[in-house]
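Chemist: My structure is below; once you've seen it, I'll send some questions.
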Amino acid sequence: MTILLSFLCGIIPAVIWLMFWLREDEINPEPKKYILFSFLTGMLAALIVLGFQTIIIEHVESYTFLCVILLASAEEIFKFIAAYMMALKREFMNEPIDAIIYMITIALGFAALENSLYIYDAINTNGVLQGILVSNMRFIGSAILHTAASGIIGVAIALSFYKKASQKLSYLIVGIISAIILHTGFNLFIINNIGGGILGSFTFIWGTAIIILFLFEKIKQLKPENKQY
């Protein structure tokens, strides 16, 4: 029962956020099966990253800047790899906005499993009420963090969709680095209690998410005639 409750509390909020973001792609929506597979791939990526993060924690002193940035880097890089393998290199990824949709879908699948594990631990340690509290906090925190960070990468890919291969690579590198900086900054805000800790970090990532939402409209206007050869 604890496992089922943890899973539901982790996955339902992620699905709610996913439904919200998919509304940005209503004109030419992605096939539901690809969205589902991407979401599940994100969950699988979370399991793989957990193993790498365990190794990092065993070899790097906890709560140091190096540890924080390595943990954030592992998550952002593996989310991108998952999105690339599942969707970004596929033929059905045929318009700029698709890059953001699939990056966010992968991110929310990742967040769903990650949150489920945190909630399971909270329930086992302090009971169901604590688990529900953790679920609510991660609904407005972790899910938005992963969405914003992966959304940045998606925006970078989308903006370079019709550009040369060399330019696409440059955009991608900037996107991944920016995502890592955002993720690392979020964690450091909390660890060092900067700007009110949780409040400051939430303001930080929510602001980024809103910017991404506005960028959706710009990216929808990108046309094939702008393609550079």
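For my numbering, count along the sequence shown from 1 and bump the result up by 16.
A virtual CB, placed ideally from N, CA and C, is assigned to each residue, including glycine.
1. Compare the beta carbon distance of Ile196 and Ala62 with 7 Å and say whether it is the shorter of the two.
2. What residue range does the alpha helix (DSSP H) around Phe205 cover?
3. By Cβ distance below 6 Å, which residues in the same chain neighbour Ala99 in space, the five residues on each side in sequence not counted?
4. To the nearest angstrom, how far is the alpha carbon of Glu130 from that of Gln237?
5. Between which two residues does the alpha helix (DSSP H) holding Thr70 run?
6. Just the C-alpha distance for Ile113 and Ile160, rounded to the nearest angstrom, thanks.
7. Let me know the secondary structure DSSP gives Phe177 once reduced to three states.
8. Starting from Phe108 and walking both ways along the alpha helix (DSSP H), at which residues does that stretch end?
9. Rounded to a whole number of angstroms, what is the C-alpha to C-alpha distance between Pro29 and Phe202?
10. So, at 8 Å on beta carbons, what are the nonlocal neighbours of Met59 in its own chain, with the 5 sequence-adjacent residues on each side left out?
11. Check the C-beta distance from His199 over to Glu77 and give it rounded, since I have them as a contact under 8 Å.
12. Helix, strand or coil, according to DSSP, for Ala44 in the structure here?
13. When the Cα atoms are used, what is the spatial distance from Leu82 to His162?
14. Can you tell me the Cα-Cα spacing of Gly67 and Ile97, whole angstroms?
15. When burial is assigned at 16 or more other CB atoms within 10 Å of the CB, is Ile168 buried or exposed?
16. Thinking Ile228 and Ala165 are a contact (beta carbons under 8 Å), I'd like their distance in whole angstroms, please.
17. Does DSSP put Met17 in a helix, a strand or coil?
18. Relative to the C-alpha of Phe55, which candidate in Asn44, Asp41, Trp33 has its C-alpha closest?
Modeler: In this structure, then:
1. Along the sequence shown, read from residue 1 onward, the residue named residue 196 stands at position 180. Along the sequence shown, read from residue 1 onward, the residue named residue 62 stands at position 46. Not a contact, by the Cβ cut-off of 7 Å.
2. For the purposes of this step, residue 205 is taken as residue 189 along the sequence shown, with counting starting at 1. Its alpha helix (DSSP H) spans residues 181–207.
3. For the purposes of this step, residue 99 is taken as the residue at position 83 of the sequence shown. Contacts found: Tyr118, Met119, Ile122.
4. Here residue 130 refers to the residue found at position 114 of the sequence shown. Here residue 237 refers to the residue found at position 221 of the sequence shown. Approximately 34 Å between the Cα atoms of the pair.
5. Indexing the sequence shown from 1 puts residue 70 at position 54. Here the alpha helix (DSSP H) through Thr70 covers 48–75.
6. For the purposes of this step, residue 113 is taken as the residue at position 97 of the sequence shown. For the purposes of this step, residue 160 is taken as the residue at position 144 of the sequence shown. Approximately 19 Å between the Cα atoms of the pair.
7. Against the sequence shown, residue 177 aligns to sequence position 161. Phe177: coil per DSSP, three-state reduction.
8. Position 92 of the sequence shown holds residue 108. Where Phe108 is concerned, there is no enclosing alpha helix (DSSP H), given that its DSSP letter is neither H nor E.
9. Taking the sequence shown and counting its residues from 1, the one referred to as residue 29 is at position 13. Taking the sequence shown and counting its residues from 1, the one referred to as residue 202 is at position 186. Using only the alpha carbons, I get a separation of about 20 Å.
10. Taking the first residue of the sequence shown as position 1, residue 59 is located at position 43. Excluding sequence neighbours, Met59 sits near Gly125, Phe126, Ala128, Leu129.
11. Position 183 of the sequence shown, counting from 1, holds the residue named residue 199. Position 61 of the sequence shown, counting from 1, holds the residue named residue 77. Between Glu77 and His199 the Cβ distance is about 19 Å, and since that is not below 8 Å, they are no contact.
12. Residue mapping note: residue 44 aligns to position 28 of the sequence shown, counting from 1. The question names Ala, yet the displayed sequence has Asn at residue 44. Coil at Asn44, not helix or strand.
13. If you number the sequence shown from 1, residue 82 lands on position 66. If you number the sequence shown from 1, residue 162 lands on position 146. Rounded to the nearest angstrom, the two C-alpha atoms are 20 Å apart.
14. What you label residue 67 is simply residue 51 of the sequence shown in a count that begins at 1. What you label residue 97 is simply residue 81 of the sequence shown in a count that begins at 1. Between Gly67 and Ile97, the C-alpha separation is close to 16 Å.
15. Within the sequence shown, the letter at position 152 stands for residue 168. Result: buried.
16. Here residue 228 refers to the residue found at position 212 of the sequence shown. Here residue 165 refers to the residue found at position 149 of the sequence shown. Ile228 to Ala165, Cβ: 10 Å. No contact.
17. Reading the sequence shown from its first residue, position 1 is the one you call residue 17. If DSSP states are grouped into helix, strand and coil, Met17 belongs with coil.
18. Here the question's residue 55 lines up with position 39 in the sequence shown. Ranking the options by Cα distance to Phe55, first place goes to Trp33.
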